[in-house]
Amino acid sequence: MPKILLFYCFTPLADPEAIRLWQRDLCESLGLGGRILLSPHGINGTVGGELAAVKRYVRKTREYAPFSGIDFKWSEGTGDDFPRLSVRVRPELVSFGAPDELQVDEGGVVGGGERLTPAQLHELVAQKEVTFFDGRNAFEAQIGRFADAVVPDVEATRDFVAELDSGAYDHLKGSPVVTYCTGGIRCEVLSSLMVKRGFSEVYQLDGGIARYGEEFGDSGLWEGSLYVFDKRGSVQFSPDAAVIGECHACGAPSSSMRNCHDLSCRTQLVVCEAHAESAACPEHPH
Ligand SMILES: [Zn+2]
Ligand SMILES: [Zn+2]
Numbered sequence: 000m001p002k003i004l005l006f007y008c009f010t011p012l013a014d015p016e017a018i019r020l021w022q023r024d025l026c027e028s029l030g031l032g033g034r035i036l037l038s039p040h041g042i043n044g045t046v047g048g049e050l051a052a053v054k055r056y057v058r059k060t061r062e063y064a065p066f067s068g069i070d071f072k073w074s075e076g077t078g079d080d081f082p083r084l085s086v087r088v089r090p091e092l093v094s095f096g097a098p099d100e101l102q103v104d105e106g107g108v109v110g111g112g113e114r115l116t117p118a119q120l121h122e123l124v125a126q127k128e129v130t131f132f133d134g135r136n137a138f139e140a141q142i143g144r145f146a147d148a149v150v151p152d153v154e155a156t157r158d159f160v161a162e163l164d165s166g167a168y169d170h171l172k173g174s175p176v177v178t179y180c181t182g183g184i185r186c187e188v189l190s191s192l193m194v195k196r197g198f199s200e201v202y203q204l205d206g207g208i209a210r211y212g213e214e215f216g217d218s219g220l221w222e223g224s225l226y227v228f229d230k231r232g233s234v235q236f237s238p239d240a241a242v243i244g245e246c247h248a249c250g251a252p253s254s255s256m257r258n259c260h261d262l263s264c265r266t267q268l269v270v271c272e273a274h275a276e277s278a279a280c281p282e283h284p285h
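Using numbering that gives the first Met the number 0, you'd call the opening residue of the sequence shown number 0 and step up by one each time.
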C-alpha cells in the first residue's frame with residue numbers, strides 16, 4: 000500500500016548538512032522517494048513509499064529530539080508519485096526571500112499568527128467578520144479557495160514581501176485576517192511577516208487546507224479543488240467539490256491545471272479536456 004507523507008517542523012538546526020546526510024541515507028535505505036528541504040530553521044518534506052517503509056521513516060525521524068513533535072500528514076499514494084529522491088539544504092524552507100527576518104526557536108516560528116483548528120476557524124467566522132488571505136501562489140487559487148478570499152497577486156512565494164509592503168492590504172491591518180495555504184507551512188512564515196508589518200489580528204489555519212478538507216470536506220467554507228505540487232495535480236475532498244476554475248482558452252469549467260506549452264515558461268493554466276494539451280499563457284500563444 001503506497002503512502003505519501005507531508006510534514007514540516009520549524010526548529011533551529013545548528014548543522015543542517017549533517018541532518019541532510021542522515022535523512023538521505025534513511026530514505027535511500029527504506030526505498031523512499033520525494034523531496035526534503037533542510038535549513039537552519041528546520042525541515043520540510045514530502046516523501047512516498049510502501050506503508051511499512053513510511054512507518055519506519057516516521058519512527059526513525061522522530062527519534063531525533065528536535066523532530067519528535069513533527070505532525071506527519073498521511074495520504075494515499077499511487078506507487079510512482081516520487082520516482083526520485085532529493086534532499087537539500089537551502090537558506091529558507093519556504094522561499095520568501097527573507098531568511099533574516101524569520102525567527103525560530105524550539106517552539107517554532109516566533110511571532111506568527113494565532114493558530115486555528117478547522118473547528119476554531121468556524122467558531123471565529125461565527126463571531127466576527129474575517130477576511131481569508133490566500134498564502135499560496137495566485138494560480139493555485141484559480142481552482143480552489145476559501146469563500147471570498149483575498150488572493151494576493153503573487154506568481155511565487157518570494158513576491159509576498161513586496162506585495163505586503165505595497166500597501167495594497169493596509170486596509171486589513173486593523174481587522175481579523177485568516178491566512179491559509181496547502182499544509183500550513185507557508186502561513187507559518189507569512190503570518191509572522193504580516194504581524195511584523197502591523198497587521199493586528201492575524202490567524203493561521205493550522206494544518207492548512209489539507210487538514211480542513213479532512214474534517215469538513217466540501218460542506219464548510221472551502222470551495223473547489225486543492226492544487227498539489229506532485230503528479231496528482233489537484234485533489235478533491237469529495238465528489239461534491241465545486242468546480243470554480245475556468246479553462247484559460249474557452250472558459251469551460253474545470254479543475255485541471257497544466258504548465259504552459261513553452262518549456263521555459265512556468266505559468267500554470269486552468270485547462271478543460273479539449274485544451275489539456277495546448278495550454279498557452281498570453282506570452283506564449285500558439
Ligand atoms: Zn477549454
Ligand atoms: Zn508561457
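Think of the CB as a built atom: it goes at the ideal place given N, C-alpha and C, for glycine as much as any other residue.
Heavy atom of ligand 2 within 7 Å of residue i beta-carbon
| i | result |
| --- | --- |
| Glu-282 | yes |
| Cys-246 | no |
| Thr-287 | Not covered by the structure: residue 287. The range shown for the chain is 0 to 285. |
| Asp-261 | yes |
Closer than 7 Å: residue i CB and nearest ligand 1 heavy atom
| i | result |
| --- | --- |
| Cys-186 | no |
| Ala-278 | no |
| His-274 | yes |
| Val-242 | no |
| Ala-161 | no |
| Gln-249 | Gln is not the amino acid found at residue 249; the sequence shown has Cys there. Because some heavy atom of ligand 1 lies under 7 Å away, the Cβ of Cys-249 counts as near it: yes. |
| Val-86 | no |
Buried or exposed (CB count within 10 angstroms, at least 16 for buried), residue i
| i | result |
| --- | --- |
| Thr-77 | exposed |
| Leu-268 | buried |
| Leu-204 | buried |
| Val-109 | exposed |
| Glu-128 | exposed |
| His-247 | buried |
| Arg-135 | buried |
| Ala-80 | For the record, residue 80 in the displayed sequence is Asp; it is not Ala. Classification for Asp-80: buried. |
| Glu-91 | buried |
| Pro-284 | exposed |
| Pro-82 | exposed |
| Ala-279 | buried |
| Leu-36 | buried |
| Met-0 | exposed |
Sheet register partners of residue i (DSSP bridge)
| i | result |
| --- | --- |
| Arg-87 | Leu-36 |
| Arg-114 | Gln-203 |
| Tyr-179 | Asp-133 |
| Ala-196 | In the sequence as presented, Ala is not what sits at residue 196; that position holds Arg. Its beta-bridge partners do not exist; DSSP assigns none. |
| Arg-144 | Glu-222 |
Backbone CA spacing between residue i and residue j [nearest angstrom]
| i | j | result |
| --- | --- | --- |
| Gly-96 | Val-160 | 8 Å |
| His-121 | Glu-222 | 15 Å |
| Pro-252 | Glu-75 | 27 Å |
| Arg-87 | Gly-47 | 17 Å |
| Gly-30 | Ala-52 | 7 Å |
| Ser-286 | Cys-271 | Nothing in the structure corresponds to residue 286, since the chain is present only between 0 and 285. |
| Leu-17 | Pro-281 | Note on residue identity: the sequence assigns Ala, not Leu, to residue 17. Distance between the alpha carbons of Ala-17 and Pro-281 is about 45 Å. |
| Pro-117 | Cys-186 | 15 Å |
| Val-153 | Val-93 | 14 Å |
| Lys-2 | Lys-72 | 10 Å |
| Glu-113 | Gly-32 | 33 Å |
| Lys-288 | Gly-111 | Given a span of 0 to 285 for the chain in the structure shown, any question on residue 288 remains unanswerable. |
| Thr-45 | Leu-4 | 6 Å |
| His-260 | Ala-155 | 19 Å |
| Met-256 | Ser-191 | 30 Å |
| Asn-43 | Pro-98 | 15 Å |
| Asp-14 | Cys-249 | 51 Å |
| Ser-67 | Pro-11 | 13 Å |
| Glu-62 | Thr-181 | 27 Å |
| Phe-138 | Gly-197 | 27 Å |
Three or more C-beta pairs under 8 Å: does that hold for the stretch 21–34 against the stretch 102–114? no
Mind the definition here: the stretch 232–248 touches the stretch 135–152 only if three or more C-beta pairs lie below 8 Å; say whether that holds. yes
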